[in-house]
Structure formats: C-alpha cells, structure tokens
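With numbering that gives the first Met the number 0, letter number 160 in the sequence shown gets 159, and the count goes up by one each step, no holes. Yeah, the Cβ is synthetic: ideal placement off N, Cα and C, and Gly gets one too. The structure appears right after this line, and notes come after that.
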Amino acid sequence: MPDSLKIRVRNDTDTDQVWAYVTGIAIKSEGKRCILESDGSSLYFPASPSEILQPLEKDCAVSLGAPGSAVTLTIPQIAGGRIWIARGKKLTFLLNPGPALVEPSVLNPSDPNADVDFGFAEFTLNDAQLYANISYVDFVPRLPIAITLKQASGEIQHVAGMAATGIDELASALKKQSAEDGRPWDKLVVERDGQVLRVLNATHGDAVGASFAGYFEPHVDEVWAALTPDPHGRSRCAMRINTQASPGILDGAVNASSGKLEIGGEVFDKPTTADILGCNSGPFTTGPSATRNAIIPRLAAAFVRTALLDADEHPSQPAGFYKRDPTNHYARLVHECNIDAKGYAFAYDDVQPDEGDDQSGKVNAGDPILFAVTVGGLHAGKDAGGDAVHEDAA
Numbered sequence: 000m001p002d003s004l005k006i007r008v009r010n011d012t013d014t015d016q017v018w019a020y021v022t023g024i025a026i027k028s029e030g031k032r033c034i035l036e037s038d039g040s041s042l043y044f045p046a047s048p049s050e051i052l053q054p055l056e057k058d059c060a061v062s063l064g065a066p067g068s069a070v071t072l073t074i075p076q077i078a079g080g081r082i083w084i085a086r087g088k089k090l091t092f093l094l095n096p097g098p099a100l101v102e103p104s105v106l107n108p109s110d111p112n113a114d115v116d117f118g119f120a121e122f123t124l125n126d127a128q129l130y131a132n133i134s135y136v137d138f139v140p141r142l143p144i145a146i147t148l149k150q151a152s153g154e155i156q157h158v159a160g161m162a163a164t165g166i167d168e169l170a171s172a173l174k175k176q177s178a179e180d181g182r183p184w185d186k187l188v189v190e191r192d193g194q195v196l197r198v199l200n201a202t203h204g205d206a207v208g209a210s211f212a213g214y215f216e217p218h219v220d221e222v223w224a225a226l227t228p229d230p231h232g233r234s235r236c237a238m239r240i241n242t243q244a245s246p247g248i249l250d251g252a253v254n255a256s257s258g259k260l261e262i263g264g265e266v267f268d269k270p271t272t273a274d275i276l277g278c279n280s281g282p283f284t285t286g287p288s289a290t291r292n293a294i295i296p297r298l299a300a301a302f303v304r305t306a307l308l309d310a311d312e313h314p315s316q317p318a319g320f321y322k323r324d325p326t327n328h329y330a331r332l333v334h335e336c337n338i339d340a341k342g343y344a345f346a347y348d349d350v351q352p353d354e355g356d357d358q359s360g361k362v363n364a365g366d367p368i369l370f371a372v373t374v375g376g377l378h379a380g381k382d383a384g385g386d387a388v389h390e391d392a393a
C-alpha cells in the first residue's frame, strides 16, 4: 500500500461556491488529529487551545473552482477520515482542549453550520487498503456525493449517489409515507428558505420532534411469536444466523420458558424501536463475546430491514428487505432514491450474504491509485465515474 494517495474532487454543481475539507487521524504521525490545508497537500496538526470552541489557526477550505472543474488532493495514511463538502458557505470547525476537533453537527441548532448545505464521505487509508463509503447514517445532505476508486489492476469501483434532485424525491416520499401511516417521517425533512436542506435519519427523530417510540414493537412481537415453538416443538419460522466467521451458521429460537431469543448459546431480549434504529443498545450492545459480536450486526440488520419473517437464513438477499409494515422507511427510501440503490442508511447496512449485493455504498481495495469524489449530482450516473478518474490516475 502507498503511504499517500491522490483524491480527485470534482464540482458537479452549478456554482463555484463549493469547498472541500479533509479531516482524520494521521496514522504515521503518532495518531495525531489532522486537517488538510487549503493547498491540498500540507497537513495541519492543531495545537491544544486553552479554552473551548476556538477557531482553527489555518485555512483548511479547498476551493473546487468553477462548475465542471476538479482539484487533486494528496493525503497520507489516515484513519477515521472524512471528506467534507460545503456549498454556498464555508464550514466552521472549532477546537477544544486536547486538542479535540468540534465537527459540524446537524443536530445542534446553535451549531454555526446548522444552515450550511454540507455532506461528507468517510474513508480510511492504511497498510491494508483504502476503504470508503457514502454515509447516510446520520442524515442525507442536499448536496449529493458520489465516489469512485481506480485500482492498479485497472478495475474501477463506483458508487453513484443521488442525482441533484434526489433529496427532493426523498422528502416527497417521506411526506407521502407519513400521510399513509401517520408516523412523523415528514418531520425528518429539514427545510431552509423554502427548499429541503437535509433529511435526518429516524435515529435522530427526537431532535426535530419526530418520536418513533413503540413503532417496531408490534413487529418484534410478531417475530418472537413466530420463533417460539409450540408444545410439539414446532415454530412458524426458522432462524439461522450466518456469522460469516468462525462460529459458522447458528440456529436461533425463542425459549418458551424464558421468552428470550437464543442463538448459538447467546441470549437476546426483545429490542425496542430505539435499539433497532440505533443498532447499538439493548440486545445489540457488543461485549467480550466474539460469537455475540458476530451475531449482533446480522440480527440488527434483519430487524431494520424487517426480513426475519421472510427468510430463514440471515443475512438474506436485498429483494426481501423492507417488505413489511412497520419497516424502516427512511432506510428503504434512501436506497430507492440513490441511483444504484447504494449507501449506508443505518449502522450495519454493510451486512450482506456471501456473494450477495452490497447495499452500503462502499469501495475498497488494496491497490488504490486514485480515489475520486464527485459532488453535486448534476450528471450523476451518466459516466459511471469515468470522468472522475481519467484525468489523473498516475
């Protein structure tokens, strides 16, 4: 693996008021927090301020130039990296003692970036590979992002993202769903100046008065009933969890005496709606057991996708996802509104069957030569990422 990599960022919007930022942990610089400077190659390692919420001492906004133009950034090996994109107004990053970087938040109404049109792609570049994805785990931005990876082998991986009008389609679909089931999907749509600015994940519904308390509980009860054997030991449904790891394929059933789900010697309580939306609480809390930690992503994903009653083995195929009601309509519609139906709509959206179709909108390879990010979506899906990588792949 190289110690550095080129990132080509293309402006596919209709304005020259677009900026990129790169943040992360510099792996080969003692794991220090770093931010790429505006020249696109120098690294800024912030010093710890004496007070909270202090401004950066360096300009870290990289202008993408006129519509249709692109800039090439050079990054070292970075963990937990993000490529932030802002349109119309620059982002504000602040520092707390540590130093700790205060990143833009869509949940804090007093955040200086609350009204800025921004989004990000996530990546890690280390000795093993480049891994990157389009993330909708927290929100869908108005500003669409597509990613492309060119490998030394010549292979090109591409995730198309949304078209420029994708978020409007998503917002309309969520409002329609709210009208149909009476749930506050419409409140997840955040508008500014008469247009959709972003759409929040239902996980963060409470931040905008959209409570989904009790939403998944009827489905959970139905799953529990189907997995509970009758007096003759027969259940309406079978359950097998393919851990895709050393524990192998594990059978699951609800113990009629305890009322708990048992899978491979691990015991699970009924998840709540909050557990299912967040995938990291209640029965989905990870711990020291490797077997349990392998079960959790697959079980949680099956609940989010409401797939447990329609397939015996999990992970299952995407054709069976989101077919029941209630289901996670945010995740369903996010996939429907992406050109290639790919993108991280919840924490375990990378769970897929062996040889199955990836849903998570990721690219990864051990021989990357160029990583490209295209923002704006005006020509989304029309070149399969080709223009993004042809100009600078050396």
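Beta-carbon proximity list for residue 93, same chain, < 6 Å, skipping 5 on both sides: As a position in the sequence shown, residue 93 is number 94, starting the count at 1. For residue 93, where only same-chain residues beyond five positions count, the Cβ hits under 6 Å are 52, 101.
Tell me whether the stretch 115-124 and the stretch 76-85 touch, counting them as touching only if at least three CB pairs, one residue from each stretch, are closer than 8 Å. yes
Own chain residues within Cβ distance below 6 Å of residue 57, not counting five before or after: Sequence index remark: in the sequence shown, residue 57 carries index 58 (1-based). Closer than 6 Å at the Cβ level, and outside the excluded window around residue 57, lie 36, 43.
Segment limits, alpha helix (DSSP H) that includes residue 206: For the purposes of this step, residue 206 is taken as residue 207 along the sequence shown, with counting starting at 1. Taken as a continuous stretch (DSSP letters only), residue 206 belongs to no alpha helix (DSSP H), as it is neither H nor E.
Three-state secondary structure (DSSP) of residue 57: As a position in the sequence shown, residue 57 is number 58, starting the count at 1. Three-state DSSP puts residue 57 in coil, outside helix and strand.
Quick check: the stretch 157-167 against the stretch 291-298, are at least 3 beta-carbon pairs closer than 8 Å? no
Rounded C-alpha distance that separates residue 233 from residue 351: Taking the first residue of the sequence shown as 1, we reach residue 233 at position 234. Taking the first residue of the sequence shown as 1, we reach residue 351 at position 352. Cα to Cα, the separation comes out at about 28 Å.
Let me confirm a value: residue 390 is counted as buried when at least 16 other C-beta atoms fall within 10 Å, else exposed. Which label applies? Taking the first residue of the sequence shown as position 1, residue 390 is located at position 391. With a pLDDT of 48 at residue 390, under the threshold of 50, the modelled position of that residue is not reliable, and the figure given next carries that caveat. Result: exposed.
For chain D, find out if any of its Cβ atoms is closer than 9 Å to the Cβ of residue 91; answer yes or no. Within the model displayed, chain D is absent; a lone protein chain is all it includes.
Mapping DSSP to helix, strand and coil, what is residue 231? Against the sequence shown, residue 231 aligns to sequence position 232. Residue state, collapsed to three classes: coil.
Three or more beta-carbon pairs under 8 Å between the stretch 249-257 and the stretch 178-196, yes or no? no
Buried or exposed for residue 229, please, with buried defined as at least 16 other CB atoms from any protein chain shown within 10 angstroms of its CB. By one-based count along the sequence shown, residue 229 stands at place 230. Answer is exposed; the Cβ neighbour count stays below 16.
Roughly how many angstroms separate the alpha carbons of residue 373 and residue 72, rounded to a whole number? Here residue 373 is taken as the residue at index 374 of the sequence shown, counted from 1. Here residue 72 is taken as the residue at index 73 of the sequence shown, counted from 1. Each residue's Cα considered, the two are about 13 Å apart.
Please classify residue 119: does DSSP put it in a helix, a strand, or coil? Walking along the sequence shown from the start, residue 119 turns up at place 120. Strand at residue 119.
With which residues is residue 166 paired in a DSSP beta bridge? Counted from its first residue, the sequence shown places residue 166 at position 167. Paired residues: none, contrary to the question.
Quick check on the DSSP output: the beta strand (DSSP E) that includes residue 129 runs from which residue to which? Along the sequence shown, one-based indexing puts residue 129 at 130. It spans 129-133 - the beta strand (DSSP E) in which residue 129 sits, taken as one unbroken run.
Between residue 28 and the rest of its own chain, which residues show a CB-CB distance below 8 Å, the 5 nearest in sequence each way excluded? As a first step, residue 28 must be located in the sequence shown, where it is residue number 29. The answer, listed in chain order, is 42, 44, 75.
Do the stretch 132-140 and the stretch 310-317 touch if we need at least three Cβ pairs shorter than 8 Å? no
Using a 10 Å radius around the Cβ and a threshold of 16 neighbouring Cβ atoms, would you call residue 287 buried or exposed? Reading the sequence shown from its first residue, position 288 is the one you call residue 287. It counts as exposed.
What residue range is occupied by the uninterrupted beta strand (DSSP E) comprising residue 290? For this step, residue 290 is matched to residue 291 along the sequence shown. No beta strand (DSSP E) holds residue 290; the alpha helix (DSSP H) holding it covers 289-303.
Please state whether DSSP places residue 222 in a helix, a strand or coil. Position 223 of the sequence shown holds residue 222. Residue 222 falls in the helix class under three-state DSSP.
Quick one: using the 10 Å Cβ neighbour count with 16 as the cut-off for buried, is residue 107 buried or exposed? Along the sequence shown, one-based indexing puts residue 107 at 108. Counting Cβ neighbours within 10 Å, residue 107 comes out exposed, since fewer than 16 surround it.
Residues that DSSP places opposite residue 33 in a beta bridge: For this step, residue 33 is matched to residue 34 along the sequence shown. DSSP output for residue 33 lists 23 as bridge partner(s).
Evaluate residue 125 with the Cβ neighbour count: other Cβ atoms within 10 Å of its Cβ, from every protein chain shown; 16 or more gives buried, anything less gives exposed. Locating residue 125 in the sequence shown gives position 126, counting from the first residue. Exposed, by the Cβ-count rule.
How many Å lie between residue 330 and residue 209 at the Cα? As a position in the sequence shown, residue 330 is number 331, starting the count at 1. As a position in the sequence shown, residue 209 is number 210, starting the count at 1. Going from the Cα of residue 330 to the Cα of residue 209 covers about 16 Å.
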